[in-house]
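Asker: Below are the structure tokens for one structure; questions will follow.
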Amino acid sequence: MKLVFPRGKTTIYNAFMESVEKTYIPPVDDIWIVHYDEQHLKIGGTQKFRLTLLDGATGRPIADELYDNKDSETIKAFLAEYLDPDRRIFLVTDLAPGYPGIFDEFFGDNVVHQLCLLHLNKLIAGNFPRNATIEQELMKYRMLNIFYNRDAEIKMLEEMAAEEERLIEQNDGNSYEAWLKEKIAAFRIFLHDQELSRRRKEKNLEQRPYQEALAIFTALMAEIESFEKSVQKRLKMIEKNWKGLTAFYFVEGAPATNNLVENYYGATLKTHHKKKFRTEEGLENQIKLSSMKRAGILGKCKDTILDAFSRFIPFLSPG
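If you read the sequence shown in this note's numbering, its first letter stands for residue 296, the second for the next number, and so on.
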């Protein structure tokens, strides 16, 4: 009778949240590949920081908690609660500059630290203006080409760049602007078609073997003095972090990106929901619900409310 007895939505919500709080989620064992990330949240106008550790093999949260800050001591305390610093670990993060020092101090020689290549690509793209010239677009894709095969895009842009150079020499600004707009639009269509083709074939961008990546990067560094300052700075950053950007090549089955935790954030807390929680308790319960779902604790409802009511209507016609 409890299933069909009238209850207010607040009563139902509170009962459900109480059951969530009491639910035990079994821990993830045999940790090897781990993803770490942070999310900045607002709760009732107060800044909070969500620190997350995901198991690379299962995609399940090892830990997912809220803190008032994310300084190095907070991060180390968070790691100490859930990870063994004496056990060797492959840790994937974004390119936040403070991470290497924190993880080296906490894990010592036991950490293999992979920096997310997707985050690197976003930083590279951010070095170029939205209304870029063909020459700038070509430079961007030469850099994106280091770790992922962008040969097709580069071939198309190189052909356009030769034509762009001739038009600029003619010193006809109006003709050049119209031409550039047309060519950039054609390139965007080409990129879109490339992406659709990969999706249909259920393929990702081809990742370059280590020796190819090294050769392409070495060639770029040989030309570094001829590039714009922002490009020089980014190449030097890649050079400085080369070990962290290429760690995945030397650990079988290791990921090159932090996509797992990015997708987890997207599934557990949509961007437009990040500022909607009025209490820390509400947000923590939302996070725990997501952990329960990934752990297989949340099952599907077997009986609907109509099924329950039908039990009290014995003479209901089957037709």
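Built from N, CA and C at the ideal position, the CB exists for glycine as well.
Mapping the DSSP letters down to three states, classify R355 as helix, strand or coil.
Answerer: Position 60 of the sequence shown holds residue 355. Looking at R355 - three-state DSSP - the assignment turns out to be coil, as it is neither helix nor strand.
Asker: Which value, in whole angstroms, describes the spacing of the CA atoms of R382 and N405?
Answerer: Indexing the sequence shown from 1 puts residue 382 at position 87. Indexing the sequence shown from 1 puts residue 405 at position 110. Rounded to whole angstroms, R382 to N405 spans 6 Å at the Cα level.
Asker: If I'm right that F344 touches H330 with Cβ under 8 Å, what's the distance once you round it to whole angstroms?
Answerer: Taking the first residue of the sequence shown as 1, we reach residue 344 at position 49. Taking the first residue of the sequence shown as 1, we reach residue 330 at position 35. Contact flag wrong, Cβ pair sits at about 17 Å.
Asker: Within 10 Å of its beta-carbon, does Q465 have 16 or more other beta-carbons around it, so buried, or fewer, so exposed?
Answerer: Position 170 of the sequence shown, counted from the start, is the residue given in the question as residue 465. Looking at its Cβ environment, which holds fewer than 16 other Cβ atoms inside 10 Å, Q465 is exposed.
Asker: Name the one or two DSSP bridge partners that T388 has.
Answerer: Numbered from 1 along the sequence shown, position 93 holds the residue referred to as residue 388. Answer is L410.
Asker: DSSP three-state call for V546: helix, strand or coil?
Answerer: For the purposes of this step, residue 546 is identified with residue 251 of the sequence shown, where counting begins at 1. If DSSP states are grouped into helix, strand and coil, V546 belongs with coil.
Asker: My understanding is that M438 touches I463, with C-beta atoms under 8 Å, so please give their C-beta distance in whole angstroms.
Answerer: Stepping through the sequence shown from its first residue, residue 438 is reached at position 143. Stepping through the sequence shown from its first residue, residue 463 is reached at position 168. The pair is not a contact, with the Cβ atoms about 22 Å apart (cut-off 8 Å).
Asker: Just confirm the distance between the C-beta atoms of N553 and L413, as a whole number of angstroms; I'd bet it's less than 8 Å.
Answerer: Translated into positions along the sequence shown, residue 553 becomes position 258. Translated into positions along the sequence shown, residue 413 becomes position 118. That pair is a contact at about 7 Å.
Asker: Are A456 and L433 closer than 7 Å when you measure CB to CB?
Answerer: Start at 1 with the first residue of the sequence shown, and residue 456 comes out as number 161. Start at 1 with the first residue of the sequence shown, and residue 433 comes out as number 138. Yes. Within cutoff.
Asker: Quick one: using the 10 Å Cβ neighbour count with 16 as the cut-off for buried, is D324 buried or exposed?
Answerer: Counting from 1 along the sequence shown, the entry for residue 324 is found at position 29. For D324, the predicted model reports a pLDDT of 47, less than 50, meaning its position is unreliable and no value from the coordinates is stated.
Asker: Just checking my contact of H408 with P395 at CB under 8 Å: how many whole Å lie between their CB atoms?
Answerer: The residue given as residue 408 occupies position 113 in the sequence shown. The residue given as residue 395 occupies position 100 in the sequence shown. At roughly 6 Å, the Cβ-Cβ gap stays under 8 Å, so H408 and P395 are in contact.
Asker: Provide the residue span of the beta strand (DSSP E) that contains R345, from first to last.
Answerer: If you number the sequence shown from 1, residue 345 lands on position 50. Run containing R345: T341 to D350, per the beta strand (DSSP E) assignment.
Asker: Could you round the C-beta distance between F402 and P380 to whole angstroms and report it? I think they count as a contact, below 8 Å.
Answerer: Start at 1 with the first residue of the sequence shown, and residue 402 comes out as number 107. Start at 1 with the first residue of the sequence shown, and residue 380 comes out as number 85. Sure, about 5 Å apart at Cβ, within 8 Å.
Asker: CA-CA distance, R589 and E376?
Answerer: Translated into positions along the sequence shown, residue 589 becomes position 294. Translated into positions along the sequence shown, residue 376 becomes position 81. In this prediction, R589 has a pLDDT of 46, which is less than 50 and means its spatial position is unreliable; what the coordinates show is noted afterwards. Roughly 21 Å separates the two Cα atoms.
Asker: Taking just the CA atoms, how far does D467 sit from L390?
Answerer: Translated into positions along the sequence shown, residue 390 becomes position 95. Translated into positions along the sequence shown, residue 467 becomes position 172. Spanning the two alpha carbons is a distance of roughly 42 Å.
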